[in-house]
Structures are given as C-alpha cells and as structure tokens.
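Report on one structure; see the data block that follows.
Protein chains: 2
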Amino acid sequence: MEMPKLFIPGPTEVPDEVRLAMAQPVIGHRTKDMTELYGGIVEKLQKLFNTNHYVMVITSSGTGVMEGTVRNLVNRTVLHGACGAFGKRWYQISQANGKEADLVWADWGKAVKPDMIAEKIVKGKYELVAVTHNETSTGVRNPTDEIAKIAHENDALVAIDAVSSLGGDMIDVNKYDVVVSSSQKAFALPPGLAFAIVSEAAMEKTKSVEGRGYYFDFVTLLKRYEKNKQHPTTPAVSLLYALDVQLDRMLKEGMQARYERHVKMMKIVQEWAKKRGFALFAEEGYRSVTVTTVENTLGISVKELNDELVKRGMRISNGYGDLKEKTFRIAHMGELTPADIRGLLGEIDEILEAKGVY
Amino acid sequence: MEMPKLFIPGPTEVPDEVRLAMAQPVIGHRTKDMTELYGGIVEKLQKLFNTNHYVMVITSSGTGVMEGTVRNLVNRTVLHGACGAFGKRWYQISQANGKEADLVWADWGKAVKPDMIAEKIVKGKYELVAVTHNETSTGVRNPTDEIAKIAHENDALVAIDAVSSLGGDMIDVNKYDVVVSSSQKAFALPPGLAFAIVSEAAMEKTKSVEGRGYYFDFVTLLKRYEKNKQHPTTPAVSLLYALDVQLDRMLKEGMQARYERHVKMMKIVQEWAKKRGFALFAEEGYRSVTVTTVENTLGISVKELNDELVKRGMRISNGYGDLKEKTFRIAHMGELTPADIRGLLGEIDEILEAKGVY
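Taken in order, these protein sequences are the chains called A and B. Going letter by letter, the first sequence gives residues 2 to 359 in the numbering used here. Going letter by letter, the second sequence gives residues 2 to 359 in the numbering used here.
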C-alpha cells in the first residue's frame with residue numbers, strides 16, 4: 002500500500018508517537034485505568050478549549066455525532082445553514098430522522114451570512130439552528146459566532162459542525178450549545194473518534210426530547226461519565242490512547258500557537274495560489290484556516306497532478322463531487338508545518354512547470 | 002498503567018502483530034487503497050462465515066449496530082428475547098427509539114427457549130424478533146437457530162446479538178437476517194468496530210421502514226459499498242488495518258478449528274469449576290462457548306482474587322451488576338489458548354489454596 006503524506010482535509014498526518022501509542026495492549030473498559038484515561042482526556046479537552054461545557058468522546062465518525070445532536074435536541078423543528086456537501090448532509094440527516102428541517106443555502110464557495118439566518122428564523126419556531134463552521138467540500142468558514150447570537154436571540158439552541166476546524170482554527174466553544182468535531186482532521190489523529198462539546202442549556206433541552214435513541218444519547222453518555230468517568234458502551238480504547246498522547250502535544254503547543262501556525266500555513270497556500278494565477282474558490286473574508294480550495298483557473302489535470310504527487314510521497318485532494326477537476330483542495334491542518342506546505346508547493350510547482358502550465 | 006492479560010469477556014487479548022498493524026500511517030478513505038482494504042475485509046468475512054449475506058463493518062461498539070438493526074428493520078413492533086443485561090439493553094434501545102417492544106424474559110442464568118418465543122409470537126404481529134445469542138452478563142447461550150425458525154414461520158425477521166460469540170462459537174449466519182457482532186471479543190481485536198451481517202430479506206424490508214436515520218442506515222452503507230467498496234463516512238482506518246491482519250490469521254486457523262479450540266477451553270474451565278466445588282451459573286445445555294460464569298458457591302472474595310491476579314498479570318471479570326461477588330466470569334475467547342486457561346486456573350488455585358478456600 003502507498004502511504005503518502007496527507008495534505009487532504011482528513012484523514013491527516015498522524016505523528017509517529019501518536020500512532021505507536023495505539024499498539025499498546027488493550028485495557029478493560031470497566032477498570033480504574035479507564036476511569037483515569039478517559040477522565041484525563043475529558044479534562045484535557047476542557048483545558049484546551051477553555052470550557053466547562055460537557056465533553057463527550059464517542060466511537061464514530063463526526064457524522065454520527067451530527068446525527069446524535071439532532072436526535073438529542075430536536076423534537077420537531079430545526080433550521081440548517083449549509084454551503085456545501087457536509088452542510089447539506091446534516092440537513093438530510095435531520096430529514097432521515099423524521100425532523101421538520103428547513104434549509105438556508107449559500108451557493109458553492111459562498112458563506113452562510115448572519116442576515117440569511119436572520120431573515121429565515123422566526124422567534125420560537127426552531128428548536129435548533131445547525132450550521133457548518135468549516136465546510137470541508139468548499140473551504141468556506143462560516144461566521145458562526147454571529148449566527149449563534151441570532152439563534153439564541155430567537156430562542157433556538159445552536160450547534161456547529163467543526164469537524165474540519167476544531168483543534169486548528171480558534172473557536173470559542175462556549176458560544177455554542179453543541180460543537181461537533183472528529184479526530185482525523187485538525188486533531189491529527191486516526192479516524193474513529195468524534196467529539197461533542199455540549200452546553201448546560203443543551204443538556205437541559207434533552208430532557209424534553211423524545212426518541213433520542215441510545216448510542217449517541219447525551220443523557221446516557223453523561224450519566225455514565227458522572228458515575229465513574231467511563232462510557233456506557235465499549236469505547237475504542239486504542240484510539241483513546243492516541244488521543245491522550247496527542248492532547249498532551251496540543252496542550253504543550255498551546256491553542257493560540259496552534260491557531261497561528263494554521264493561519265500561517267493558510268497564508269502561504271493562498272499567496273502561492275494567487276501568485277501562480279489560480280483563483281481561490283471560497284468567498285473572500287470567509288476562507289478556511291484549515292483547508293484551501295483552489296479554483297482550477299489554469300485548467301490543469303488535477304488527477305494527473307495528484308498521481309504524480311503520490312509518486313513523490315504526497316497527496317492532495319481533488320474537488321468534492323461536482324467540483325472535481327474544477328477545484329482542488331490543499332489541507333493545512335493538524336501537525337503539518339509551514340515547511341511541509343512549502344515543500345508540497347515546491348513539488349507542485351516543479352510538476353506544473355514541467356508540464357508547461359507556468 | 003497496568004496491562005494484565007485479559008480473561009474478561011471483552012476487550013480480549015490482541016496479538017502483537019495485530020496491535021502493531023495499527024501503527025501504520027493512515028491512508029485516505031477515498032482512495033483505491035481503501036477500496037482494496039475494505040473490499041478485501043468484506044470478502045474475508047464472507048469467506049470466514051461461509052456466507053453471501055451483506056457484510057458491513059461500522060465504526061462503533063456493538064450496541065450502535067444493535068440500535069441500527071432496530072431502526073433499519075422495525076417500523077412499529079419488535080419482540081425481544083432476553084436473559085441478561087445485554088438482552089435487556091437491546092429491548093430498552095428499541096423503546097428509546099420509539100418502537101413498540103415486547104419482551105420474553107428468561108431469568109438470570111436461564112436461557113430463552115424456543116417455546117417461550119412460540120408462546121408469545123403472533124403470526125404477522127412482529128416485524129422483528131431480536132434475541133441474544135450469547136449473553137455476556139450470565140454466560141448463557143440461547144438456542145437461536147430454533148428461535149429463528151419460529152420467527153420466520155411467523156413472518157418476522159430475526160436478528161441476533163452475537164457480540165461475544167461470533168468468531169469463537171460456530172454460528173451459521175445464513176439462518177439469520179442480521180447478525181450483530183463487534184471487534185473486541187472473540188475476534189481478538191481492539192474495540193471500535195462493529196459488524197452487521199445482513200440478509201437479502203432484511204435489505205428488502207429496509208425499503209419500507211421510515212426514519213432509519215443515517216449513520217447506521219444499512220441502505221446508505223450498502224449503496225456506498227456497491228459504488229466502490231468504501232464507507233459513506235470516514236471509517237476507523239487504523240482499526241481496519243488490525244481487522245485485515247486478524248482476518249488472515251482467523252482464516253489460517255479456520256473457523257472449525259477455532260470453534261474446537263473454544264470448546265476445549267470451555268470444558269477446561271467448566272471441569273475446573275466443578276472439581277473445586279463451584280457451581281456453574283448458566284443452565285445446563287445452554288452454556289456459552291466463549292465465557293463461563295462461575296457461581297461463587299464457595300463464598301470467596303472475587304474482588305480480592307482479581308486484585309491478586311492483576312498483580313500476577315492477569316484479569317478476570319467479577320459478576321455483572323447485581324451478580325457481582327455472587328458470580329465471576331472467565332472468558333475463554335479470541336486468541337487465548339488452552340495453555341493460557343490452564344495457566345490462569347493454576348494461579349487461581351494457588352491464590353485460593355493460600356487463603357484456605359480449598
């Protein structure tokens with residue numbers, strides 16, 4: 002199997018130390034060691050994100066917890082703000098769970114603006130506003146702080162999908178009722194764990210919600226955690242080992258420094274793209290700190306570029322779905338460094354120059 | 002952290018080779034390598050269990066797929082057959098998902114008999130009969146083949162929870178509409194992956210079921226698999242590496258030999274218990290091949306025994322819930338060998354003899 006260095010918006014490169022942590026023998030999930038491990042993980046996450054909100058780590062992809070969020074907080078009505086494939090998926094998930102879901106849609110490459118939400122929302126109508134923070138398919142970063150304010154003013158809870166931003170971008174999780182994320186993006190971990198950071202108001206709301214289910218039920222999860230800092234079901238122990246090691250690394254770097262590193266990498270990619278004559282796909286002012294979507298204005302073959310990059314031990318992402326070949330995506334998240342990014346861009350330049358693109 | 006050898010009914014001992022496989026770099030989940038990896042895994046599982054049924058590997062605990070099974074196959078009515086904590090949980094999961102669930106309950110240590118199901122079932126009334134195959138909390142193995150026959154005769158689909166038996170016990174998965182299992186028991190893998198083995202009839206039924214949700218939706222999973230042998234969401238890649246290696250090992254041993262090894266270990270534990278004056282908790286004729294629940298008729302302190310065993314690098318399980326101290330459980334599943342079991346029992350004997358128990 003080829004295992005190129007990943008510059009894709011998840012999974013991302015995982016440090017050796019973190020991958021090796023997974024190789025340790027598995028411990029029982031009903032032991033004191035598990036209580037210490039999982040209790041410590043929750044505390045570290047709260048410290049990293051400077052919050053007293055409830056933190057739940059669940060064995061699933063981020064999508065699972067996006068579904069769980071809707072099931073936990075919505076009896077009937079939810080308003081979705083979406084601007085790409087993953088925002089749309091969340092909307093479809095609500096429908097698949099029998100909720101009355103309305104959609105505020107911003108076109109591909111555009112952001113969901115606060116006034117779009119303000120226009121659609123009706124005081125007391127929606128139980129939840131669910132918005133993408135960082136749209137992985139387009140590289141758009143939505144102004145969710147302002148949207149959260151509007152939601153709260155209209156008696157709705159607010160949840161954001163920060164799957165591809167939390168741990169890289171700077172997010173004040175205390176402004177939201179649920180922040181959903183997962184392990185394989187800016188956390189630089191293998192996939193398999195998802196996070197829910199849940200407010201007191203959200204936990205209060207769950208009490209009046211019927212049919213929350215079991216596996217993603219926040220009440221069941223919290224009850225077991227408060228008993229002895231364990232899970233109601235068997236968690237992915239090996240992935241928790243990795244998370245624990247990685248959280249120490251992230252705390253050591255510090256969230257502010259981590260954010261600044263991500264901003265620096267973003268700037269390097271954006272400047273490179275402009276300089277080479279590519280356009281940036283995401284609307285100005287709303288560009289992601291963790292992934293840049295480059296518009297293929299030079300008409301290169303993205304597939305050929307990526308095949309050549311893989312030969313050189315690196316992989317970027319083609320555009321998502323219908324955006325394939327029309328765009329390509331360079332992720333600059335997790336443990337990647339400005340040097341990694343400069344190295345990648347140098348290779349891309351060499352390949353495209355050889356093809357006479359510029 | 003203490004990492005004793007596990008003789009508990011999950012998680013179980015994971016071979017070094019399998020744990021080390023997880024330390025490999027993570028690959029993208031939308032690559033050809035993933036298609037090969039996951040496609041290969043599904044084929045190996047079908048080969049191991051001698052089936053053409055659909056096989057889905059999902060990132061979650063077994064509980065997640067138990068919930069998914071009910072959501073996929075039940076619009077309204079389900080009959081549960083339960084004889085312990087996990088059977089009861091499945092029944093509660095159905096209720097938590099708004100289904101009309103009826104329960105056939107066999108007391109702790111007893112099995113769910115075919116005539117109990119036959120008595121309760123009404124032709125055409127239940128869409129699904131959901132029964133525990135191997136009840137981890139009591140060490141009871143239910144006669145699910147006969148129960149499946151009764152369910153089918155009464156126009157119900159049948160699903161079994163084989164979380165703690167599949168891959169150790171011999172199960173003809175073709176007799177069932179859904180077989181649920183998970184990675185950390187007789188498969189001897191780290192926790193985090195769950196399996197659904199699904200019949201054509203079950204897939205047909207999903208078409209008429211509303212509100213199946215998304216993450217555990219068999220239709221969504223199968224659609225993506227049939228497209229390019231990938232997952233609709235990001236799977237736990239590192240755990241798939243481990244599964245792939247372990248499936249090669251399991252195929253090399255062969256399912257029949259694996260089953261016989263489990264039976265041999267079971268007999269060693271049962272004979273040891275009787276010889277020492279302990280009773281067996283599970284009803285005769287319905288005893289699990291993968292975990293033996295010993296009734297603490299000698300009145301030992303199970304906690305003290307286990308603490309001493311942990312010091313010696315081994316761990317067994319106390320009784321489950323209210324059965325704590327009244328019973329203890331010795332798992333003989335996964336990669337454990339008769340020699341491992343004899344070694345454990347020798348240590349237990351030395352500890353109990355020193356305490357003057359016998």
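Even for Gly, the Cβ is constructed at its ideal location relative to N, Cα and C. Bear in mind the structure is a predicted one, so any value in this text is a computation, not a measurement.
My understanding is that Ile331 of chain B touches Phe8 of chain B, with C-beta atoms under 8 Å, so please give their C-beta distance in whole angstroms. 6 Å
Within the continuous beta strand (DSSP E) that includes Asp162 of chain B, where are the two ends? 158-162
Distance CB(Gly335 of chain B)-CB(Thr64 of chain B) smaller than 8 Å: no
Could you have a look at Asn73 of chain B and say whether DSSP puts it in helix, strand or coil? helix
Hey, is the stretch 235-255 of chain B in contact with the stretch 18-38 of chain B, meaning 3+ C-beta pairs nearer than 8 Å? yes
Quick one: using the 10 Å Cβ neighbour count with 16 as the cut-off for buried, is Pro115 of chain B buried or exposed? buried
For chain B, check one thing: does any of its Cβ atoms lie closer than 8 Å to the Cβ of Met23 of chain A? yes
When the cut-off is 8 Å and only beta carbons count, does Ala138 of chain A lie next to chain B? One point to set straight first is that residue 138 of chain A is Ser, not Ala, in the sequence displayed. Cβ-Cβ to chain B under 8 Å: no for Ser138 of chain A.
Against Glu211 of chain A, what residues of chain B qualify as contacts under a CB-to-CB distance less than 8 Å, listed in chain order? Gly99
The stretch 263-275 of chain A in contact with the stretch 153-161 of chain A per 3-pair CB rule at 8 Å: no
Mind checking if Arg225 of chain A is an interface residue toward chain B, Cβ cutoff 8 Å exclusive? no
Closest Cα partner of Val264 of chain A within the set A:Leu324, A:Leu306, A:Ala187: A:Ala187
I'd like to check one pair, Val210 of chain A with Asn76 of chain A: are the Cβ atoms closer than 8 Å? yes
Taking Cβ-Cβ distances shorter than 7 Å, what residues in chain B pair up with Leu222 of chain A? Within chain B, no residue comes near Leu222 of chain A; the closest Cβ sits about 12 Å away, beyond 7 Å.
With DSSP as the reference, label Phe282 of chain A as helix, strand or coil. coil
Asp178 of chain A (DSSP reduced to helix, strand or coil): coil
If I'm right that Ile122 of chain A touches Leu167 of chain A with Cβ under 8 Å, what's the distance once you round it to whole angstroms? With a Cβ gap of about 25 Å, Ile122 of chain A and Leu167 of chain A do not count as contacting.
Partner residues on chain B for Gly108 of chain A, Cβ-Cβ distance less than 9 Å: One point to set straight first is that residue 108 of chain A is Asp, not Gly, in the sequence displayed. Chain B residues near Asp108 of chain A: none, gap ~24 Å exceeds 9 Å.
State the DSSP-derived secondary structure class of Met23 of chain B, mapped to helix, strand or coil. coil
With distances taken Cα to Cα, identify the nearest neighbour of Lys228 of chain B among B:Arg31, B:Ile59, B:Leu21, B:Lys6. B:Arg31
Spatial neighbours of Thr291 of chain A in its chain, beta-carbon cut-off 8 Å, leaving aside the 5 residues before and after: Pro10, Asn135, Ser165, Ser166, Gly169, Asp170, Lys186, Ala187, His263, Met267, Ala332, His333, Met334
Assigned exposure category for Ser62 of chain B - 16 Cβ within 10 Å defines buried: buried
From the beta carbon of Met4 of chain B, is the nearest beta carbon of chain A less than 8 Å away? yes
Mind checking which residues open and close the alpha helix (DSSP H) that includes Val264 of chain A? 256-277
Give the single residue among B:Gly125, B:Gly41, B:Asp218, B:Leu281 whose Cα lies nearest to the Cα of Thr298 of chain B. B:Leu281
Within chain A, partners of Val264 of chain B - CB distance below 8 Å: Within chain A, no residue comes near Val264 of chain B; the closest Cβ sits about 25 Å away, beyond 8 Å.
Write down the C-beta distance between Tyr39 of chain A and Gln231 of chain A rounded to the nearest angstrom, noting that I regard them as a contact closer than 8 Å. 6 Å
Taking Tyr216 of chain B as the reference, which of A:Lys45, A:Asp146, A:Asn307, A:Val66 has the closest Cα? A:Val66
Look up Phe329 of chain A in the DSSP assignment and give the residues it is bridged to. A:Val295, A:Asn319
Could you work out which residues of chain B lie near Ala355 of chain A, taking near to mean beta carbons separated by less than 8 Å? Result: empty, since nearest Cβ-Cβ is about 24 Å, beyond 8 Å.
How about Gln185 of chain B: is its C-beta nearer than 8 Å to some C-beta of chain A? yes
Under 7 Å Cβ to Cβ from Gly278 of chain B, same chain only, skipping five residues before and after it: list those, please. Thr298, Leu299, Tyr359
Closer than 8 Å, CB to CB, is Gly41 of chain B near chain A or not? no
Tell me whether Gly82 of chain A sits in a helix, a strand or coil according to DSSP, three-state version. strand
Lys224 of chain A versus Thr234 of chain A - alpha carbon distance: 12 Å
Within 8 Å (strictly less), CB to CB, does Pro16 of chain A reach chain B? no
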